[in-house]
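**Student:**
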Amino acid sequence: ATPPVDANVPRDMTNSYALENAPPPRPASDNKDQKQPAMEENLSGFWAAFTGAQVLGVLVVVLVAIWTSSMGGGFAWRSNPGLEFNWHPLLMSVGFIFLYGNSIMIYRGLRDMRKQKLKLIHAGLPVLTLLCILIAQIAVFDSHNLATPPIPNLYSLHSWIGLGAIILYVLQWVMGLVVFLYPGASMAIRARLMSWHVFMGLTIFSLVIVASLTGLTEKAIFKLGFKYGDLPGEAFMINFIGISIVLFAATVFYITTNPKYKRYPRPEDGALLTKSSVSE
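Position one of the sequence shown corresponds to residue 1 (full-length UniProt numbering), numbered consecutively onward.
#1: Mapping the DSSP letters down to three states, classify Met113 as helix, strand or coil.
#2: Could you spell out where the alpha helix (DSSP H) holding residue 291 opens and where it closes?
#3: Can you list, in chain order, the residues of its chain whose CB lies under 8 angstroms from that of Ile189, leaving out five sequence neighbours each side?
#4: Distance check for Gly176 and Ala191, CA to CA, integer angstroms please.
#5: Under 8 angstroms by Cβ, that's how I've got Ala165 and Leu207 pegged, so tell me the actual separation to the nearest angstrom.
#6: Tell me the DSSP secondary structure of Ile151 in three-state form.
#7: For Arg78, count neighbouring C-beta atoms within 10 Å of its own C-beta (all shown protein chains included) and say buried if the count is 16 or more, exposed if not.
#8: What residue range does the alpha helix (DSSP H) around Ile97 cover?
#9: Excluding sequence positions up to five away, which residues of its chain have a Cβ less than 8 angstroms from the Cβ of Thr203?
#10: State the CB to CB distance for the pair His158 and Thr68, rounded to an integer number of angstroms; the pair is presumed to be in contact (CB under 8 angstroms).
#11: Taking the straight line between their C-alpha atoms, what separation do you get for Tyr261 and Val60?
#12: Just confirm the distance between the C-beta atoms of Leu99 and Leu125, as a whole number of angstroms; I'd bet it's less than 8 angstroms.
#13: Which of helix, strand or coil does DSSP assign to Gly233?
#14: In angstroms with no decimal places, state the Cα-to-Cα distance between Ile151 and Tyr228.
#15: Helix, strand or coil for Arg78 per DSSP?
#16: Whose C-alpha, out of Gln54, Trp47 and Glu41, is nearest the C-alpha of Ser244?
#17: Quick one: give me the first and last residue of the alpha helix (DSSP H) that Ser206 is part of.
#18: Work out the CA separation of Tyr107 and Pro267 for me, nearest whole Å.
#19: If we ignore side chains and look at the alpha-carbon of each, how far apart do Gly225 and Glu218 end up?
#20: Between Leu154, Pro183, Ile209 and Ala123, which lies nearest to Leu173 when the distance is taken from Cα to Cα?
#21: Just to confirm the assignment, what range does the alpha helix (DSSP H) spanning Thr51 have?
#22: Let me check understanding here. Comparing Cα to Cα, which of His88, Leu120, Met105 and Tyr155 lies closest to Cys132?
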């Protein structure tokens, strides 16, 4: 039994005695709930939505590949600037639509993975996205500059929105690396910037979708002209690609903004847990 506290003993000495004689903490290995979420998650309908998003994302890429290869003449590099252009829609659909959409959903789609790994994947996917964007931009500038006669660059609404999305995407990625990964800001700063980080991520993705749709329309009008109104096979393909992009984007937004699909912190996340977990 704990001996009675002597009124003449200083309070800090009494506290020290209590701490020194307290039972040892329970080992983490004995905690049966160690790998359980800190709060119960409501995942009704989540996996159907997430699977649907993956199917739609792959469908977008496959349709663009069929369109550019079968209806667009295939692929080349600078020896044929017209065919070099086809790399632009294909790589942008892979990087700026499919990969970017998945990087947005990563915390909810791979919710059982440790947070440190999720952070690395969330920061690593943009590297692949930026590589796709770089090659796609080289292809489109070459297809303009090497054409006979040359085609002006960056004059259309599609190019302005697309360029703005690329610039914001790079800034968003750099900010995310510095603030949330390495060297990392204080918890207070992370908590304040997290809502802005989430807002900008979804805003940039919205710009990507708008740029994609305006780009498809621009290509259809330039290539098909007045025949576009007759809805030939290629017109159907272009329109169907656009609808698939919209459905994929809608599913991404649904998954990432639905509060019941939020990833709650896991005990094994350990010291990585901060107030910033509200974004997940």
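Quick reminder that beta carbons are idealized off the backbone N, C-alpha and C, glycines included.
**Tutor:** On the basis of the coordinates in this document:
#1: In the displayed model, Met113 falls within coil according to three-state DSSP, outside both helix and strand.
#2: Outside the modelled stretch of the chain, which goes from 1 to 280, sits residue 291, for which no answer is possible.
#3: Cβ within range, chain order: Val179.
#4: The alpha-carbon separation between Ala191 and Gly176 amounts to approximately 13 angstroms.
#5: About 4 angstroms separates the two Cβ atoms, so the contact holds.
#6: In the structure shown, Ile151 sits in coil (DSSP, three-state: anything other than H, G, I, E or B).
#7: Exposed, by the Cβ-count rule.
#8: From DSSP, Ile97 is part of no alpha helix (DSSP H); its letter is neither H nor E.
#9: Here the set comprises Leu168.
#10: Rounded, the Cβ-Cβ distance is 17 angstroms, inconsistent with contact.
#11: Here the C-alpha atom of Tyr261 lies approximately 25 angstroms from the C-alpha atom of Val60.
#12: Correct: roughly 5 angstroms between the Cβ atoms.
#13: Three-state DSSP puts Gly233 in a helix.
#14: Each residue's Cα considered, the two are about 22 angstroms apart.
#15: In this structure, DSSP gives Arg78 a state outside helix and strand, which the three-state scheme calls coil.
#16: Comparing Cα-Cα distances from Ser244 to each of Gln54, Trp47 and Glu41, the minimum goes to Gln54.
#17: DSSP places Ser206 in the uninterrupted alpha helix (DSSP H) bounded by Met187 to Leu224.
#18: Counting only the Cα atoms, Tyr107 lies some 16 angstroms from Pro267.
#19: Approximately 10 angstroms, taken between the alpha carbons.
#20: It is Trp, not Leu, that sits at residue 173 in the sequence shown. Residue Ala123 is the option with its Cα nearest to Trp173.
#21: Judged by DSSP secondary structure, Thr51 falls within the alpha helix (DSSP H) whose first and last residues are Phe46 to Ile66.
#22: Checking every option, the nearest Cα to that of Cys132 belongs to His88.
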